[in-house]
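Worksheet: one structure, shown below.
Number of protein chains: 2
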Amino acid sequence: MQISLETLRNIVGAAHVITGDDVANRQEDWMTGALCHAGAIVRPADTGQLSAVMRACFELKQPVVTHGGLTGLVHGAETSPDELVISLERMTAIEEIDRVGGTLTVQAGAPLQRVQEAASEAGLQFPLDLGARGSCTIGGNIATNAGGVRVIRYGMMRQQVLGLEAVMADGRVVSSMNRMLKNNAGFDLKQLFIGSEGTLGIVTRAVLRLQPPMPIEQTALVACPSFDALTELLGHMGKTLGGSLGAFEVMWQNHYRLLTETTGRHAPPIPTDHPFYVIIEGVGSDEARLEAQFSEALEQALERELIVDAVIAQSDTQRAGLWAIREDIEGLVKGLAPVLTFDVSLPIVDMQHYTDTLETQLLQRWPNGRLVVFGHLGDGNLHISISVGSHDPDVRRAVEALVYEPLQALGGSVSAEHGIGIEKRAWLSTCRTSAEIELMQTLKQALDPHCLLNRGKVLA
Amino acid sequence: MQISLETLRNIVGAAHVITGDDVANRQEDWMTGALCHAGAIVRPADTGQLSAVMRACFELKQPVVTHGGLTGLVHGAETSPDELVISLERMTAIEEIDRVGGTLTVQAGAPLQRVQEAASEAGLQFPLDLGARGSCTIGGNIATNAGGVRVIRYGMMRQQVLGLEAVMADGRVVSSMNRMLKNNAGFDLKQLFIGSEGTLGIVTRAVLRLQPPMPIEQTALVACPSFDALTELLGHMGKTLGGSLGAFEVMWQNHYRLLTETTGRHAPPIPTDHPFYVIIEGVGSDEARLEAQFSEALEQALERELIVDAVIAQSDTQRAGLWAIREDIEGLVKGLAPVLTFDVSLPIVDMQHYTDTLETQLLQRWPNGRLVVFGHLGDGNLHISISVGSHDPDVRRAVEALVYEPLQALGGSVSAEHGIGIEKRAWLSTCRTSAEIELMQTLKQALDPHCLLNRGKVLA
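Sequences listed follow chains A and B, in order.
Counting in full-length UniProt numbering, the first sequence runs from 1 upward without gaps.
Counting in full-length UniProt numbering, the second sequence runs from 1 upward without gaps.
Pasting the structure below:
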């Protein structure tokens with residue numbers, strides 16, 4: 001490392017500079033369980049300390065990696081011995097909730113779930129939600145522009161952020177803590193930091209937009225007889241429920257069957273021989289009205305044969321049971337180990353052909369290979385899990401080629417919501433033009449001229 | 001001008017380089033009626049020609065101003081004799097509509113209304129809507145991050161843009177024509193060009209997100225007895241209608257009265273002696289259900305005395321009649337001439353005190369002054385029109401001080417939706433920090449090093 005521990009201790013205090021085994025014993029990657037290789041970990045108490053750390057790093061050309069909840073899926077938090085980790089674990093305060101304006105001001109290290117709970121205690125809701133809610137941080141959600149299960153109704157993290165504060169590579173603090181829903185006074189700088197994976201600045205605080213309280217939910221698991229029926233069902237529910245469509249999460253048969261029948265982890269609420277399953281959620285404020293509207297929409301879908309079987313949750317426990325199948329990532333990982341996971345987007349009309357072709361090609365090459373698909377259909381986003389008995393780099397690259405190469409012709413993306421990190425860096429050029437990548441590099445050069453911030457992530 | 005007409009004619013053809021009186025006879029500002037001062041106007045046929053024009057301009061350091069529909073309100077399209085206008089008037093094609101994916105691909109010069117119509121013909125809707133719909137262009141909507149009357153339900157222009165293509169200052173074409181709802185593959189470059197008022201690149205094409213077809217509407221005009229009742233009403237309608245709340249447009253008494261009683265332009269549907277009036281719109285797909293839900297919500301509001309009078313439109317004509325009061329900008333301008341207009345945002349809780357104080361201070365200085373307020377309350381956005389008998393620069397500056405100075409302490413913005421242009425440039429620093437403005441300048445320098453694109457707009 002270029003920077004001395006002494007310098008760091010002078011800024012944050014000796015207790016907050018972590019070294020040696022205390023670094024090496026920390027995991028830095030949820031998926032692989034890889035341990036931290038950084039030279040040291042520094043834990044600033046606030047923006048001022050973090051800014052001082054970066055000023056010192058800038059002077060000494062010390063590269064840094066920011067650590068939040070470490071639940072990312074593309075190795076975006078990986079470190080090497082010459083890098084310093086800046087951990088936001090002490091910056092977790094929820095600073096203010098404005099009930100009337102519907103905003104929440106928070107430090108970037110706060111876990112997502114704590115923000116959801118604080119919003120809910122204030123009679124409002126913070127709608128972003130994903131499986132890692134207990135560990136992932138608001139800063140990480142911002143840095144990766146997190147998605148999750150409510151995008152169809154509320155949008156991704158980008159839509160939830162009104163303002164933010166970031167520390168730049170040279171230590172300057174850019175405070176853009178806007179609380180207004182509409183603010184066209186100059187460039188919207190926060191957009192630079194959202195989704196750039198810690199490569200353009202370190203997000204330290206944010207103003208989040210809250211929504212009216214979590215509405216009443218109606219949840220159903222339905223079975224679809226064909227992909228055409230599935231897309232028609234999405235249109236039908238969008239039209240009949242309108243703003244009340246809260247989720248439309250599709251599981252291919254291979255996903256539903258793996259987590260019920262095959263692994264025995266969940267009792268199947270409806271038989272496992274249908275090609276597609278969907279968890280549909282209706283949300284509203286008037287229970288009786290929503291119930292009527294929701295069951296009417298499902299009855300129409302049954303009549304039109306868009307669905308062939310359905311179960312509506314009659315209690316919170318039943319509701320949780322339906323979601324547990326969809327959200328059982330642990331079961332998925334264990335059931336397919338060693339598993340390779342992918343997160344792609346492509347036009348809905350091309351999805352069936354794409355997944356069918358992928359499965360055929362996979363089985364040609366690995367006759368015992370398995371493919372499991374689920375996703376946010378309304379968002380054009382599929383999560384694909386593949387098992388071919390190995391996750392050696394060569395095998396992974398060969399599978400990646402099968403998954404990613406067809407996306408270029410379809411105008412799809414190698415990353416719908418997980419980001420690029422290191423894992424997808426080599427594939428970035430298949431879904432972004434060289435002019436786009438040049439412009440990304442122009443931005444990187446302008447904001448981080450010594451390439452100190454999350455070096456080698458996103459861009460080579 | 002640095003560039004010769006000959007060079008321009010060689011790129012676009014002689015018929016598409018406009019000079020002399022044909023330039024001087026064109027208006028470049030809707031509000032003031034100011035005529036165009038540019039050295040020439042060039043009208044490229046497509047992105048290729050526009051890129052060739054910019055390459056030539058870059059070489060010769062020729063500054064340019066992009067012209068779309070010229071309906072901006074902050075002098076963002078003003079020119080001087082040494083500047084070249086690049087007009088997008090020939091780039092108006094709607095290139096493609098994808099009904100299943102819900103996207104529309106369009107050239108930037110297409111008027112908003114044509115896009116709305118094309119979406120509607122395809123059985124979908126493009127939800128951005130504002131009074132200038134017939135003239136304003138998609139490129140201008142993007143460059144200014146336009147808002148309008150449906151922000152409360154659909155968001156601003158930024159939320160409607162999935163992808164775009166821009167020509168950079170040096171003529172490079174950055175094509176980022178993403179059609180995916182979710183795409184976290186690298187930096188989200190389109191955000192740079194949205195809302196930067198033509199200062200970082202020239203938007204040439206875009207992929208827009210379409211929504212399910214325009215739902216059925218219920219429209220009411222209601223009267224509120226107090227500001228507290230008004231904010232409670234907003235909360236009540238948001239809670240009871242949820243995703244079905246389509247618009248919540250407030251008129252202060254001074255606005256409602258001016259356009260009905262005072263000018264006689266509209267018959268008042270309800271008496272003019274209440275302090276606040278709101279146009280509330282409910283949207284849904286099921287007529288009977290929406291009607292029941294909407295009138296129930298209004299009845300509850302009446303019972304709780306949040307409203308004291310109400311009329312629900314019984315026909316499209318009545319509906320149009322209610323909106324005509326709110327949208328009668330011509331009546332507003334004529335009724336207050338010479339008028340000074342402002343577009344600010346501030347926390348909802350501070351609005352009443354802010355407007356009351358502003359009126360008091362105004363009348364202290366100009367006893368015959370008049371203040372008229374309407375706005376998108378749910379968005380925290382007020383449009384303020386002021387008449388003090390003059391619009392001389394000195395008077396304007398004095399009024400601006402009264403309007404803008406209090407916003408700093410409230411965390412408000414001098415521009416909610418109109419942008420900065422030239423008009424608000426001097427006030428930018430009251431609502432953005434110096435670190436923010438420095439970062440804007442860093443971006444400007446990185447993307448437009450010779451400052452050729454819309455010189456002097458937004459940033460000095």
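Glycine included, C-beta positions come from ideal geometry on N, C-alpha and C.
Quick caveat, the model's predicted, so the values are computed rather than measured.
Helix, strand or coil at residue i according to DSSP, with G and I counted as helix
| i | result |
| --- | --- |
| A/H16 | helix |
| A/I3 | coil |
| A/G195 | coil |
| B/L453 | strand |
| B/E291 | helix |
| A/Q211 | strand |
| B/G378 | helix |
| B/T71 | coil |
| B/D316 | helix |
| B/P111 | strand |
| A/L164 | strand |
| A/S434 | helix |
| A/H418 | coil |
| B/T79 | coil |
| A/F126 | coil |
| A/W252 | strand |
Neighbourhood of residue i by C-beta, 6 Å cutoff - its chain only, sequence neighbours within 5 removed
| i | result |
| --- | --- |
| B/H418 | L73, V74 and D343 |
| A/M214 | Q125 |
| A/I386 | L340, L371 and V399 |
| A/G195 | N145 |
| B/P127 | R150, Y154 and Q211 |
| A/D448 | A169 |
| A/I11 | Q49, A52 and V53 |
| B/E327 | G131 |
Candidates the options, of which the one nearest residue i by Cα
| i | options | result |
| --- | --- | --- |
| A/V151 | B/M1, B/L410, B/N183 and B/L208 | B/N183 |
| A/E57 | A/G101, A/M1 and A/S80 | Reading off the sequence, residue 57 of chain A comes out as Cys, not Glu. Among A/G101, A/M1 and A/S80, the Cα nearest to that of A/C57 is on A/M1. |
| B/Q314 | B/P269, B/H383, B/E121 and B/E438 | B/P269 |
| A/G378 | A/L358, A/I279 and A/T47 | A/I279 |
| B/E423 | B/Y404, B/A229 and B/A435 | B/Y404 |
| A/E299 | A/M237, A/G335 and A/R209 | A/M237 |
| A/V222 | A/S429, A/D21 and A/H274 | A/H274 |
| A/E95 | A/A77, A/G20, A/V53 and A/M177 | A/M177 |
| residue 474 of chain A | A/G198, A/T204 and A/G20 | The structure shown has nothing for residue 474 of chain A, since chain A only spans 1 to 460. |
Beta carbon proximity, residue i to chain B, threshold 8 Å
| i | result |
| --- | --- |
| A/E281 | no |
| A/H418 | yes |
| A/I422 | no |
| A/A185 | yes |
Residues near residue i in its chain [Cβ-Cβ closer than 7 Å; skip 5 each side]
| i | result |
| --- | --- |
| A/V17 | L5, L8, R9, A40 and V42 |
| B/S80 | H37 |
| B/Q113 | R133 and G134 |
| B/Q445 | none |
| A/V161 | I142, K190, I194, A206 and L208 |
| A/L322 | T219, L221, P269, I279 and A313 |
Residues near residue i by beta carbon distance below 8 Å, same chain, minus five either side
| i | result |
| --- | --- |
| B/Q293 | T240, L241, S244, G282 and G284 |
| A/G123 | R99 and P213 |
| A/S390 | P338 |
| A/K61 | Q2, H450 and L452 |
| B/N254 | R370, L371, V372 and V373 |
Residue-chain proximity (residue i, chain A), Cβ-Cβ < 8 Å
| i | result |
| --- | --- |
| B/N254 | no |
| B/I307 | no |
| B/N368 | no |
| B/G69 | no |
| B/V173 | yes |
| B/C431 | yes |
| B/G389 | no |
| B/R209 | no |
| B/N145 | yes |
Check your understanding: Do the stretch 185-196 of chain B and the stretch 128-136 of chain B touch if we need at least three Cβ pairs shorter than 8 Å?
Key -> no
Practice item. Would you check if there are 3 or more beta carbon pairs closer than 8 Å linking the stretch 81-90 of chain B to the stretch 51-71 of chain B? Key: yes
Practice item. Pair every Cβ in the stretch 348-363 of chain B with every Cβ in the stretch 305-320 of chain B, then say whether three or more of these pairs are closer than 8 Å. Key: no
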